[in-house]
Amino acid sequence: MLEYLSMNGYGAYIWSSYAISFCLLGGLWIQSARHLSQLKRRLLKKKLSHVS
167 MLEYLSMNGY GAYIWSSYAI SFCLLGGLWI QSARHLSQLK RRLLKKKLSH VS
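Take 167 as the starting number for the sequence shown in the working numbering and just add one per residue.
The structure is reproduced here in structure tokens:
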């Protein structure tokens with residue numbers, strides 16, 4: 167198991183790259199979800215203002 171994790175001495179670089187990629191993708195997902203929520207609120211607000 168340790169041999170697999172060390173990946174012939176490159177494990178620190180490989181696993182840190184995976185961690186950085188995971189964090190960046192997670193951040194992009196969160197940012198996209200927030201932006202979508204904001205757009206939905208704006209659209210609902212516009213629809214309600216046109217109904218009145």
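Every residue gets a Cβ at the ideal spot worked out from N, C-alpha and C, and that includes glycine.
Return helix, strand or coil for residue i, following the three-state DSSP convention.
i, result
"tyrosine 184", "helix"
"tyrosine 176", "coil"
Can you grab the Cα-Cα spacing for the pair residue i / residue j, in whole Å?
i, j, result
"serine 179", "glutamate 169", "Note that residue 179 corresponds to tyrosine in the displayed sequence, not to serine. Tyrosine 179 and glutamate 169: Cα-Cα distance of roughly 15 Å."
"valine 217", "phenylalanine 188", "43 Å"
"lysine 212", "leucine 202", "15 Å"
"glycine 177", "leucine 191", "21 Å"
"arginine 207", "glycine 175", "50 Å"
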